[in-house]
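In the UniProt record's numbering, the protein residues as written are 1 to 165. Report on the structure given below.
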Amino acid sequence: QQFSSYRNDLQDNLERQLAEFRESFTNKEEQLTIDVSCKEQQITQLQGEKELLLEKCSRLSESEKLLESCRKQLEKANKELEVLRSAKAEGDRAITELAGHHNQKQKINYLEKVRSENYNLKNRIGELETELKRYEAAYGKLKQLAKEPIRGPSTRSRSARGFHD
């Protein structure tokens, strides 16, 4: 009888411990499920942010290429503008030298030619200055675009759901 009582006590004790272990296991399993769910949400959010950063990098790379192209065109336009200005200065010097020329017909023809060239050069300078302003405006826009902050999803969004696998 004593053995039977001891056995019953031992069995009750083991069943109680088993119930405690099961409860502990269930609690830990629930906590792990919650932790996994949180980690999945974080992964989804980070994937969305990664995509936004990749898009911004791509845009910045394209902007950088466009900026470099604009810079080269601007340098080319500035060089051409300098050439045209020196040609105009040369023409002005030639006119000054011709002012003392004795052949009136030749002088008039040359002056007309110089006036025509000056007119064309002034038009070209105006075009180049307009083009220069356009490049400077495009450069300003590109600089502004490069300064834009990244706006990413702060919570799980529809776009981020596509990253969850």
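Where a beta carbon is used, it is the ideal one built from N, C-alpha and C, also for glycine.
- Per DSSP, reduced to three states, the secondary structure at E75 is helical.
- E64 sits in a helix when the DSSP states are folded into three classes.
- In the displayed model, Q106 falls within a helix according to three-state DSSP.
- For A87, the closest of L121, N78 and Q73 by C-alpha to C-alpha distance is L121.
- Around the beta-carbon of T130, fewer than 16 other beta-carbon atoms lie within 10 Å, marking it exposed.
- A distance of 7 angstroms or more separates the beta carbons of C57 and Y139.
- In terms of Cβ geometry, Y135 and L74 form a close pair [threshold 7 angstroms].
- Distance between Q104 and L81, taken at the CA atoms: about 33 angstroms.
- The C-beta of T96 has fewer than 16 other C-beta atoms within 10 Å across all chains shown, which makes the residue exposed.
- In this structure L142 touches L66 by the C-beta definition: roughly 6 angstroms separates them, less than 8 angstroms.
- The DSSP-derived three-state label of E131 is helix.
- A check of alpha carbon separations from R85 across Q1, I125 and S37 identifies I125 as the nearest.
- By the neighbour-count definition (other C-beta atoms within 10 Å, threshold 16), T26 is an exposed residue.
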